[in-house]
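Take a look at the structure set out below.
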Amino acid sequence: MSASVCVRLCVLLFALLLGGCEPRDTTALDQQLYIWQRQWTPAHGDALSRTRADFSTLRVLALQAFPGAGWSRARIDAPLLKADGRPLIAVIRLDGQLKSLDQAEVSAQILQLLADWQAQGLTPVGVEIDHDAGSARLPAYAGFLTQLRGVLPASLKLSITALPSWLGSRELPALLATVDSSVLQVHAVSDPRHGLFDPQQARQWAERWAKVSDKPFYLALPAYGVALLPSDGGAPVIESEVPVPGLGQRRELMADPVQLAKLARELRGDRPPHLAGLIWFRLPLQGDRRAWSVETLGAVARGDELISRWQLTFSEKDGLFDIRLGNTGNLDSPLPEQVSLAVEGCQASDALAGYGVQQRPGQLLFTRRSEGRLQAGSARALGWARCSRIDQGASHVRP
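Under the working numbering, the very last position in the sequence shown is 435; numbers go up by exactly one each time.
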């Protein structure tokens, strides 16, 4: 065999091997946001403006139905959403405890909502149905969605929130065939005592979901925390945005930004087929202590390196120093364990909530006494001291 023939055969074999490989999807993962507050406040304006650059689409809780309580609408700020200008998807929450879905009533409620939004200048691009149906009810749910699609405007995309538990059902492909896309919720789907989120499990669910249907799907990921309160029944009571009165110790759970950033990075590099993007729950508002900060959420979405950077600041008047601790990085972080200040001539000192202070020769040592978190871009008072001098350069923060 001549050298030229051998080369041609090698080239042909290489081309055949390439042709047999499924091309990798190199488009960027879309990043979207859920807005889940039922009562909008002025803080929404700032949060929307600060997330506009990183998140393409807003999925807005619009309408809910619960057993006994009936229907309720979220009190959105329509002018604010209109001014924001991003595509909107109206989310309709139909509680999983509803005995059945009244097709006519649900359709009428959704159509009236869409008409009211239209009258306020809002034109959603889609509707997402959030219904935690048991696997045995998936055939009925598929029939419900088929009829709902028939009454919705043809311009609207129909999607559903989906549960990993449905992966064991033979009815899942037929269900997904009724919608344009699905949102696989991979957080808060297991016993909360085991945590909010398992990144390895989430990745496995995504890989399995990609094999069920060729319809686009998204992953709903957590950017929030909850507290678990003890109850007489054994199962913990979950406290999220709204405080729950109760006795006993709260156990705080927070989705780990570092874990989520690693998963997002892996998904960008090795994306399951048909994965269209990530949807983060939820839009962080100023003062929402159980949500990531805007800085951390944006950094995770962009794939930035996550850093917590501590900064001590002092304001002095007549020998009285107010001491503040700031997080100037982009990562929400637990309060540092200790803060050591190099001082001279201290007569008195005190620590504020969450810390205690010890005075030693040439040193004030602030020690954390209770768990807490300082969001990126924020600061808090650490304490005060009456001293002749504090050497900022010789002071240290120990995480």
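Here a beta-carbon is modelled for each residue, glycine too, at the ideal position from N, C-alpha and C.
Asked: V219 vs E164 beta-carbon contact at 8 angstroms; Found: yes
Asked: Contact set for T159: own chain, Cβ-Cβ below 6 angstroms, skip 5 residues either direction; Found: none
Asked: Range covered by the beta strand (DSSP E) that runs through F253; Found: F253 to P258
Asked: DSSP beta-bridge partners of S406; Found: Its beta-bridge partners do not exist; DSSP assigns none.
Asked: Contact belief for A337 with L367 at Cβ below 8 angstroms, rounded distance in angstroms; Found: So it is not a contact: roughly 13 angstroms between Cβ atoms.
Asked: R122, DSSP secondary structure in three states; Found: coil
Asked: Paired residues, beta bridge with F102 - DSSP; Found: G106
Asked: The stretch 353-362 contacting the stretch 414-429, beta-carbon criterion three pairs below 8 angstroms; Found: yes
Asked: Unbroken stretches of the alpha helix (DSSP H), 4 residues or longer, contained in the stretch 350-415; Found: none
Asked: Beta strand (DSSP E) runs contained entirely in the stretch 173-247, provided each spans 3 or more residues; Found: 193-198 and 217-221
Asked: S431 (DSSP reduced to helix, strand or coil); Found: strand
Asked: Sequence-distant residues of its chain with Cβ nearer than 8 angstroms to L116 (five each side left out); Found: W76, H80, G81 and L84
Asked: Close-in-space but distant-in-sequence residues of the same chain around Q156 (CB under 7 angstroms, 5 per side omitted); Found: A114
Asked: Spatial distance of G162 from S195 (CA atoms); Found: 7 angstroms
Asked: Segments of 3+ residues assigned as beta strand (DSSP E) that fall wholly inside the stretch 268-355; Found: 273-275, 287-290, 311-317 and 346-353
Asked: Contact the stretch 145-156 vs the stretch 98-111: 3+ CB pairs below 8 angstroms; Found: yes
Asked: Chain-order list of residues whose beta-carbon lies under 7 angstroms from that of L211 (same chain, five-residue window excluded); Found: L174, Y177 and A178
Asked: Simplified DSSP state of Q133, which is helix, strand or coil; Found: coil
Asked: Best match in L296, Q285 and E243 for proximity to G334 [C-alpha to C-alpha]; Found: L296
Asked: Opening and closing residue of the beta strand (DSSP E) in which Q67 lies; Found: D66 to I71
Asked: C-alpha distance - S92 paired with G313, whole-angstrom precision; Found: 10 angstroms
Asked: Residues that R425 bridges to, as DSSP identifies them; Found: E380
Asked: Buried versus exposed, by CB contacts within 10 Å (16 or more), T197; Found: buried
Asked: Neighbour-count burial assignment, G104, 16 or more Cβ in a 10 Å radius; Found: exposed
Asked: With 16 other Cβ atoms within 10 Å as the buried cut-off, status of S424; Found: exposed
Asked: As assigned by DSSP and simplified to three states, the class of Q75; Found: strand
Asked: C-alpha distance - A51 paired with V248, whole-angstrom precision; Found: Confidence at A51 is low in this model, with a pLDDT of 45, below 50, so its placement is unreliable and no value can be given for it.
Asked: Residues that DSSP places opposite A169 in a beta bridge; Found: The partner list for A169 (beta bridge, DSSP) is empty, contrary to what the question assumes.
Asked: Local Cβ density within 10 Å of G261, reported as buried at 16 or more and exposed below that; Found: buried
Asked: Contacting residues, own chain, Cβ-Cβ under 7 angstroms from L124 (five flanking each side not counted); Found: L94, V96, L117, L158, P160 and V161
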